[in-house]
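Start counting the sequence shown at 1; every next residue gets the next number (our numbering). A virtual CB, placed ideally from N, CA and C, is assigned to each residue, including glycine. First up is the structure itself, then whatever we jot down about it.
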Amino acid sequence: MRVLGTYLAGVASAVFMTVAALPALGEELTLPSGARALVLDVVDGRETGIGTVWFRYLYQHEPGVPTDHITDDARHLCETHALPQTTDDVPDHIVVVLTDAQIEFGQSDETVAQFFEVFRPDEGVCIWEAF
Numbered sequence: 001m002r003v004l005g006t007y008l009a010g011v012a013s014a015v016f017m018t019v020a021a022l023p024a025l026g027e028e029l030t031l032p033s034g035a036r037a038l039v040l041d042v043v044d045g046r047e048t049g050i051g052t053v054w055f056r057y058l059y060q061h062e063p064g065v066p067t068d069h070i071t072d073d074a075r076h077l078c079e080t081h082a083l084p085q086t087t088d089d090v091p092d093h094i095v096v097v098l099t100d101a102q103i104e105f106g107q108s109d110e111t112v113a114q115f116f117e118v119f120r121p122d123e124g125v126c127i128w129e130a131f
């Protein structure tokens, strides 16, 4: 029993260290473009057999600045935030959602801009895929 207790304590410690190293919900991340992203939530479609995990971020950038850097920012989030959270059970696809206001998952609002970038995880990198 002592061996099992030591093993479980080691597993719990490893899990805590892994989770503690990842950005938490609500944490603000700085992106290569200089924009900021606030971690909103993660929706795991693997639980329903879809094979896709959505990582949603509140995307804060300067008004009027062109958005041609969004794919690069999304790839950065995929590789530095999303992918490390899925290493135990890598999904078929990771969708990075960048939104300028918080709305419920699956809902649309004509006053809210949402950008969706789809990536296929492959050997530690995120490969962009067109819809």
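Same chain, Cβ closer than 6 Å to residue i, five either side skipped, listed in chain order
i: Leu98; result: Tyr57, Tyr59, Phe115
i: Val96; result: Phe55, Ala74, Leu77, Cys78, Glu117
i: Asp109; result: Ile103
i: Ala113; result: Asp100
i: Ala82; result: Phe55, Ile94
Contacting residues, own chain, Cβ-Cβ under 7 Å from residue i (five flanking each side not counted)
i: Glu79; result: Val125, Cys126
8 Å Cβ shell around residue i - same chain, five flanking residues per side excluded
i: Arg46; result: Thr52, Val53, Asp89, Pro91
i: Thr137; result: Here the chain comprises residues numbered 1 to 131, so residue 137 is not present and cannot be evaluated.
Inter-residue spacing [alpha-carbon to alpha-carbon] between residue i and residue j
i: Thr87; j: Val43; result: 16 Å
i: Thr111; j: Pro84; result: 32 Å
i: Leu22; j: Leu31; result: With a pLDDT of 47 at Leu22, under the threshold of 50, the modelled position of that residue is not reliable, and no figure is offered here.
i: Ile50; j: Glu62; result: 35 Å
i: Gly106; j: Trp128; result: 22 Å
i: Ala130; j: Asp122; result: 16 Å
i: Leu29; j: Asp41; result: 14 Å
i: Gly64; j: Thr48; result: 39 Å
Cβ-heavy atom distance, residue i to the ligand SAM, below 7 Å
i: Leu58; result: As presented, the structure is devoid of all ligands, the ligand SAM included, so that no description of it is given.
Closest Cα partner of residue i within the set the options
i: Ala35; options: His69, Asp41, Thr48, Gly49; result: His69
i: Leu38; options: Pro32, Gly26, Leu31, Gly49; result: Gly26
i: Phe119; options: Ala113, Ile94, Phe105, Ala101; result: Ile94
i: Ser33; options: Asp41, Asp72, Ile50, Thr48; result: Asp72
DSSP beta-bridge partners of residue i
i: Leu29; result: Ala37
i: Glu123; result: In the DSSP output, where bridge partners are listed per residue, Glu123 has none listed.
Give, in chain order, every unbroken run of the alpha helix (DSSP H) that is at least 4 residues long and sits entirely within the segment 37 to 79. 70 to 77
Of all the beta strand (DSSP E) runs that stay within the bounds of the segment 74 to 111, which reach a length of 3 or more residues? DSSP runs (the beta strand (DSSP E)) wholly in the segment 74 to 111: 93 to 99.
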